[in-house]
Amino acid sequence: MTLLAALNAADATREVMWNISHSWLMYVLLVPTMLIAGYGVYRQVQKWRSGQPAARFDRPAERIKRVVKNVLLQQATLRDRFAGVYHFLLFWGMITLTMATIVVMIHHDFHIDIMRGRFYLYFQSLFVDVLGVLAMIGVAMLAVRRWLLRPKKLVYTDESTWLLILLFVILGTGFLLEGWRIAATNDPWGDWSPVGIVVSKTSLAVAGVETLKSVHFLTWWFHLALVFGLIAWAPYTKLLHVLTAPLNIYTANLDHPGGTLKQIDFEAAQSFGINSLEQFTWKDLLDLDACTECGRCTSVCPANTVGKQLSPRDIILDLQGLLDRSDLASLKAQGHGERPDEYEPAFPIIGTTDNLATEALFECTTCAACVEICPVSIEQMPKIVDLRRFQVMEQAEFPQQMQDAVSSLEERGHPFKGTQLSRVDWAAGMDFPTIEDIESPEVLLWVGCGGALVDRNQRSTRALANLLKKANVKFAILGREETCTGDPARRIGNEFLFETLATQNIETLKTHNIKHVLTSCPHCFNTFRNEYPKLGGEFEVMHHTTYLAKLIGEGRLKLDAQAAQKIVFHDPCYLGRHNGITDAPRKLLQQVSSQPLAEMEMHGRQSFCCGGGGGMSFVDEPADQRVNQERARQALATDAETVAVGCPFCTTMMEDGINTLKGDRKINVQDIAEVMWEAISSEAR
Numbered sequence: 077m078t079l080l081a082a083l084n085a086a087d088a089t090r091e092v093m094w095n096i097s098h099s100w101l102m103y104v105l106l107v108p109t110m111l112i113a114g115y116g117v118y119r120q121v122q123k124w125r126s127g128q129p130a131a132r133f134d135r136p137a138e139r140i141k142r143v144v145k146n147v148l149l150q151q152a153t154l155r156d157r158f159a160g161v162y163h164f165l166l167f168w169g170m171i172t173l174t175m176a177t178i179v180v181m182i183h184h185d186f187h188i189d190i191m192r193g194r195f196y197l198y199f200q201s202l203f204v205d206v207l208g209v210l211a212m213i214g215v216a217m218l219a220v221r222r223w224l225l226r227p228k229k230l231v232y233t234d235e236s237t238w239l240l241i242l243l244f245v246i247l248g249t250g251f252l253l254e255g256w257r258i259a260a261t262n263d264p265w266g267d268w269s270p271v272g273i274v275v276s277k278t279s280l281a282v283a284g285v286e287t288l289k290s291v292h293f294l295t296w297w298f299h300l301a302l303v304f305g306l307i308a309w310a311p312y313t314k315l316l317h318v319l320t321a322p323l324n325i326y327t328a329n330l331d332h333p334g335g336t337l338k339q340i341d342f343e344a345a346q347s348f349g350i351n352s353l354e355q356f357t358w359k360d361l362l363d364l365d366a367c368t369e370c371g372r373c374t375s376v377c378p379a380n381t382v383g384k385q386l387s388p389r390d391i392i393l394d395l396q397g398l399l400d401r402s403d404l405a406s407l408k409a410q411g412h413g414e415r416p417d418e419y420e421p422a423f424p425i426i427g428t429t430d431n432l433a434t435e436a437l438f439e440c441t442t443c444a445a446c447v448e449i450c451p452v453s454i455e456q457m458p459k460i461v462d463l464r465r466f467q468v469m470e471q472a473e474f475p476q477q478m479q480d481a482v483s484s485l486e487e488r489g490h491p492f493k494g495t496q497l498s499r500v501d502w503a504a505g506m507d508f509p510t511i512e513d514i515e516s517p518e519v520l521l522w523v524g525c526g527g528a529l530v531d532r533n534q535r536s537t538r539a540l541a542n543l544l545k546k547a548n549v550k551f552a553i554l555g556r557e558e559t560c561t562g563d564p565a566r567r568i569g570n571e572f573l574f575e576t577l578a579t580q581n582i583e584t585l586k587t588h589n590i591k592h593v594l595t596s597c598p599h600c601f602n603t604f605r606n607e608y609p610k611l612g613g614e615f616e617v618m619h620h621t622t623y624l625a626k627l628i629g630e631g632r633l634k635l636d637a638q639a640a641q642k643i644v645f646h647d648p649c650y651l652g653r654h655n656g657i658t659d660a661p662r663k664l665l666q667q668v669s670s671q672p673l674a675e676m677e678m679h680g681r682q683s684f685c686c687g688g689g690g691g692m693s694f695v696d697e698p699a700d701q702r703v704n705q706e707r708a709r710q711a712l713a714t715d716a717e718t719v720a721v722g723c724p725f726c727t728t729m730m731e732d733g734i735n736t737l738k739g740d741r742k743i744n745v746q747d748i749a750e751v752m753w754e755a756i757s758s759e760a761r
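Under the numbering used here, the first residue of the sequence shown is numbered 77, with each subsequent residue one higher.
Shown next, in the form of structure tokens:
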């Protein structure tokens with residue numbers, strides 16, 4: 077029968093369980109299959125529940141939207157084009173085949189006659205065949221990647237190999253069964269199954285109908301055994317992510333996608349930081365089981381890129397291994413408060429593997445590239461900081477140069493041990509008002525440690541202050557009353573010191589009735605915007621790039637000179653990735669250069685760290701493992717003559733890297749404020 081004739085065939089269908097005797101045995105086998113799989117899921121859920129509370133079910137509409145984008149549409153997965161395509165094909169292929177199986181169950185077991193007519197032809201025959209082929213293409217692409225391309229970032233295990241083979245055999249035997257049924261029954265609707273009809277004709281060319289019926293019978297039970305085996309095994313393998321990944325995406329951090337650091341109740345806490353699984357939240361433990369081992373986090377990690385030990389993926393997998401080996405009863409007891417007065421962790425973490433060693437943990441720049449790139453919303457960076465906290469506040473075991481920075485913060489209110497500069501030296505000889513000189517300023521210019529106490533960055537701070545003065549902005553500085561926001565202390569792992577400094581700053585600003593804060597430091601900006609509110613510090617904070625763009629838009633600041641040099645912008649992690657500000661700096665730079673803005677390969681939210689975050693700006697890195705030099709290479713790969721930045725720490729790190737590698741090339745590093753100030757002619761200043 078032709079396809080056109082079949083369009084009107086209301087009785088189009090097929091016999092379910094054709095050629096299968098004792099089909100009741102399938103239901104008998106299904107019971108232990110589901111019990112084994114169910115126990116595997118139950119066991120992991122109970123382990124997650126042993127973790128500490130975390131509020132991750134608010135704003136359901138936003139969360140459902142994330143699931144639609146990143147589960148159904150696979151947007152995050154598709155950022156890695158090749159892997160994303162095969163995962164998309166495999167995902168929707170398997171979803172479709174599962175739906176087709178459910179249709180068969182409804183039709184056969186519940187006696188609801190839905191496998192008939194156009195629905196049977198279009199969906200159950202044609203669409204399912206096409207999606208099944210796409211699933212097999214996905215498996216083939218996966219095999220090519222794992223067995224031929226073999227990218228370094230993947231984990232190669234026997235489990236992954238067997239899962240891949242199992243999926244391919246299940247899909248392949250499914251098509252064989254369909255083709256042999258069509259051949260043996262002379263199915264009049266067989267043309268609607270493009271793969272099935274090819275298998276049918278090929279099989280009839282080499283075997284008779286009775287032979288095909290016998291092979292079909294044996295293969296059907298073999299196929300069923302493989303499917304049931306996969307279902308039972310899945311919760312004990314990486315395939316558990318089929319369940320955990322959507323749940324993890326649904327419960328992602330909506331407020332600060334770059335990763336929120338948890339507060340510590342110092343009065344109630346029995347230990348500071350984390351060194352045992354049950355101290356993590358349930359969401360942290362869910363993260364561990366959601367990992368797909370794709371390695372994207374490690375591939376974008378700046379520390380790992382330059383050859384250091386840190387690997388975000390391996391930290392997650394090692395923690396997952398500890399969770400798998402943990403005793404459920406002990407986890408529940410420890411996690412729900414049944415603890416002795418002298419607290420001893422049930423399952424110590426730090427030092428149990430090389431990836432969880434102190435050295436690796438303190439190589440993290442907290443750039444959150446790992447969090448940004450993860451297709452299943454795992455929060456790697458906050459876990460690293462949690463582990464750091466234990467080493468800093470409980471063990472006092474962390475790099476000496478970070479210890480020096482913390483000591484300086486405690487004693488002097490800034491992290492730069494040995495500097496002779498003061499908070500106001502940058503303004504020497506300039507008429508910039510302090511908070512004592514002006515009542516109710518339009519904005520408070522928060523200079524920050526990097527802007528005030530690093531000689532190179534004082535030029536940037538003066539340029540910004542001059543721009544504000546040129547725009548007739550009524551601003552003031554705190555002067556000697558300003559102290560560090562506490563960002564370095566918090567990222568290094570000294571949460572107590574962070575809260576001490578933060579509380580002091582909040583009280584100071586409230587004393588002066590400050591409402592609006594302007595800063596050129598993304599670290600200060602992030603702290604004011606995302607962390608001070610939780611301590612009672614509600615201020616409107618602006619980064620200088622967005623504020624300068626606002627002044628230009630309002631006509632308060634006019635640029636009358638354009639530079640001829642080509643500019644490339646380096647996105648600071650705590651501006652772009654952590655806070656989503658990527659357009660404002662570029663709009664400013666496009667106004668001051670006559671040439672198109674250059675871009676490094678890694679830019680915007682996918683930018684590469686300068687290497688200065690997480691306390692690393694205070695550490696002397698090995699000469700062959702310097703993150704700032706890797707970023708400098710990326711900048712030098714463009715034809716730019718100026719590397720513009722929007723962060724004092726990025727300025728010093730990038731300038732050091734560029735000067736080390738540039739040779740005879742003429743290229744300089746400037747803060748955007750410096751670039752803007754040069755775009756105002758000397759006559760107009």
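Beta carbons: idealized from backbone N, C-alpha and C, even for Gly. Keep in mind it's a predicted model, so treat the numbers as computed, not measured.
Which of helix, strand or coil does DSSP assign to residue i?
i, result
"V519", "strand"
"S279", "helix"
"A503", "helix"
"H163", "helix"
"D363", "helix"
"L573", "helix"
"E706", "helix"
"S669", "strand"
"V179", "helix"
"Q479", "helix"
"S453", "coil"
"I643", "strand"
On a Cα-Cα basis, can you pick out the residue from the options that is closest to residue i?
i, options, result
"L243", "L224, G169, V231", "G169"
"E448", "P475, F348, Y650", "Y650"
"L306", "W265, V245, W256", "V245"
"M93", "H654, W297, Y232", "W297"
"Y162", "P333, L218, E286", "L218"
"S484", "A433, C560, G427", "C560"
"R401", "C373, G371, L353, F167", "L353"
Less than 7 Å separating the Cβ of residue i from some heavy atom of the ligand NAP?
i, result
"M181", "As far as ligands go, the structure on display features none, and thus does not contain the ligand NAP."
Alpha helix (DSSP H) containing residue i: first to last residue?
i, result
"H599", "598 to 602"
"T728", "724 to 737"
"T595", "Here T595 belongs to no alpha helix (DSSP H); instead the beta strand (DSSP E) covers 592 to 595."
"V209", "204 to 220"
"M110", "100 to 125"
"F293", "285 to 309"
"H317", "317 to 326"
"E138", "136 to 143"
"E470", "First-last for E470: undefined, no H or E at that position."
Does the beta-carbon of residue i have 16 or more other beta-carbons within 10 angstroms, so that it is buried, or is it exposed?
i, result
"F615", "buried"
"I171", "exposed"
"G656", "exposed"
"Q638", "exposed"
"K145", "exposed"
"Y623", "buried"
"R226", "exposed"
"M730", "buried"
"D747", "buried"
"N380", "buried"
"V745", "buried"
"V452", "buried"
Does the beta-carbon distance from residue i to residue j come in below 8 Å?
i, j, result
"T295", "L247", "no"
"A660", "A716", "no"
"T249", "H299", "yes"
"E492", "A541", "The sequence shown places Phe at residue 492, rather than the Glu named in the question. Contact flag unset, no."
"L554", "L529", "no"
"W256", "S279", "yes"
"G335", "P458", "yes"
Ends of the beta strand (DSSP E) at residue i?
i, result
"Q746", "744 to 747"
"A720", "718 to 721"
Can a CB atom of chain D be found closer than 8 Å to the CB of residue i?
i, result
"I182", "Note that chain D does not occur in the displayed structure, where there is just one protein chain."
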